[in-house]
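For the sequence shown, position 152 (counting from the first letter as 1) is numbered 1489 according to my numbering, and the numbering increases by one without interruption. Quick reminder that beta carbons are idealized off the backbone N, C-alpha and C, glycines included. Bear in mind that the values here come from a model prediction, so they are computed numbers and not experimental data.
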Amino acid sequence: MTMPTDLLFRADAYGRECAATVVTVNERGGIVLDRTVFYAQGGGQPGDKGVIEVGAQPIMIATTVYDQADKGIVVHVPDEGQPLPSPGAAATAKLDWDTRFKRMRIHTALHLLSCVLPFPVTGGAIGEGEGRLDFDIPDAGLDKEELTAKLQALVDRDAKVGQRWITDEELAANPSLVKTMSVKPPMGSGKVRLVEIEGIDLQPCGGTHVARTGEIGQVRVTTIEKKGKQNRRVRIGLI
1338 MTMPTDLLFR
1348 ADAYGRECAA
1358 TVVTVNERGG
1368 IVLDRTVFYA
1378 QGGGQPGDKG
1388 VIEVGAQPIM
1398 IATTVYDQAD
1408 KGIVVHVPDE
1418 GQPLPSPGAA
1428 ATAKLDWDTR
1438 FKRMRIHTAL
1448 HLLSCVLPFP
1458 VTGGAIGEGE
1468 GRLDFDIPDA
1478 GLDKEELTAK
1488 LQALVDRDAK
1498 VGQRWITDEE
1508 LAANPSLVKT
1518 MSVKPPMGSG
1528 KVRLVEIEGI
1538 DLQPCGGTHV
1548 ARTGEIGQVR
1558 VTTIEKKGKQ
1568 NRRVRIGLI
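This is the structure in structure tokens:
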């Protein structure tokens, strides 16, 4: 039985590399390490890419996912044609930090957007320097410039972003904490991670975030799209 991967990004989203040991390579060529700084795809945030170095051999990683059969195990998916390591080999996992940091900035900005527009969230996606949320909201004459100003004002408060944990039972007793209807909170392990933006927001989230909202920098609402009678897709981008 493979032990769960030690998710170093949970404790420190700013860790860019780590020493690790290759546990196994699965039948599809995915590499499992005993510990990793690579975020595995989930909650609308893509899996990290980067490189795993085994000796002098770099192995380029295209994305990172959770094992389909065991969600406690992280699988690093190599680019096509990459060499594969042997179980037990010593390795160094190195993130594509520029991409990860853009995703962190956007992810935190989307949490702020959910405060600017306090309506149920029906979908979302995080990209490299851009992202979007879908809101269950009638056409209320949303204005890009007004929303941008409100969003930037929250960013400029430079509020601290932290995390705390509650039990599954506590979350079940406080359903108002859950804003996103399309993504289930990360429950099942007995405890749920909450991301708190001091004085602004608190919601369940398993993703990576900046330490302070000021690190987001300049951001703007780029488009507002009608996706149904009561569905508005709001896209944002870093400037």
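Tell me the rounded alpha-carbon separation between residue i and residue j.
i	j	result
residue 1357	residue 1513	39 angstroms
residue 1446	residue 1378	18 angstroms
residue 1492	residue 1499	15 angstroms
residue 1406	residue 1556	38 angstroms
residue 1455	residue 1463	19 angstroms
residue 1387	residue 1573	25 angstroms
residue 1352	residue 1496	21 angstroms
residue 1448	residue 1427	38 angstroms
residue 1368	residue 1421	8 angstroms
residue 1567	residue 1460	13 angstroms
residue 1346	residue 1516	23 angstroms
residue 1452	residue 1366	41 angstroms
residue 1553	residue 1437	13 angstroms
residue 1482	residue 1381	25 angstroms
Starting from residue i and walking both ways along the beta strand (DSSP E), at which residues does that stretch end?
i	result
residue 1563	1556 to 1565
residue 1400	1394 to 1403
residue 1472	1467 to 1473
residue 1406	Here residue 1406 belongs to no beta strand (DSSP E), and DSSP marks it neither H nor E.
residue 1348	First-last for residue 1348: 1345 to 1348, but that is the alpha helix (DSSP H), not the beta strand (DSSP E).
residue 1528	1528 to 1534
residue 1390	1387 to 1391
residue 1462	1458 to 1463
residue 1538	1538 to 1541
Following the continuous alpha helix (DSSP H) through residue i, name the residue where it begins and the one where it ends.
i	result
residue 1448	1434 to 1453
residue 1505	1505 to 1509
residue 1483	1481 to 1492
residue 1577	Nothing about residue 1577 can be read from this structure; the chain reaches only from 1338 to 1576.
With distances taken Cα to Cα, identify the nearest neighbour of residue i among the options.
i	options	result
residue 1561	1546, 1529 and 1480	1480
residue 1543	1339, 1478, 1444 and 1563	1444
residue 1411	1402, 1533, 1417 and 1339	1402
residue 1434	1355, 1339 and 1486	1355
residue 1558	1470, 1348, 1529 and 1339	1470
residue 1494	1509, 1465, 1511 and 1536	1536
residue 1298	1566, 1564, 1488 and 1465	Absent from the model: residue 1298. The displayed extent of the chain is 1338 to 1576, so no value can be given.
residue 1417	1505, 1396, 1529 and 1436	1396
residue 1315	1553, 1565, 1340 and 1505	Summary: the structure shown does not reach residue 1315, with the chain confined to residues 1338 through 1576, and so no result is reported for it.
residue 1528	1478, 1419, 1505 and 1510	1505
Excluding five sequence neighbours on each side, which residues of the same chain lie with their C-beta closer than 8 angstroms to the C-beta of residue i?
i	result
residue 1531	1500, 1501, 1502, 1503, 1514, 1539, 1540, 1541 and 1542
residue 1384	1375, 1376, 1377, 1378, 1400, 1401, 1402 and 1414
residue 1343	1371, 1372 and 1373
residue 1475	1566 and 1567
Assuming residue i and residue j form a contact by the criterion Cβ under 8 angstroms, report the distance between their Cβ atoms to the nearest whole angstrom.
i	j	result
residue 1550	residue 1576	The Cβ separation is near 15 angstroms, so there is no contact.
residue 1370	residue 1430	6 angstroms
Can you find the residues in the same chain that come closer than 6 angstroms, C-beta to C-beta, to residue i, ignoring five residues on each side of it along the sequence?
i	result
residue 1424	1359 and 1361
Once you ignore the five residues that flank residue i on each side, which residues in its own chain have a CB closer than 7 angstroms to its CB?
i	result
residue 1466	1439, 1443, 1574 and 1575
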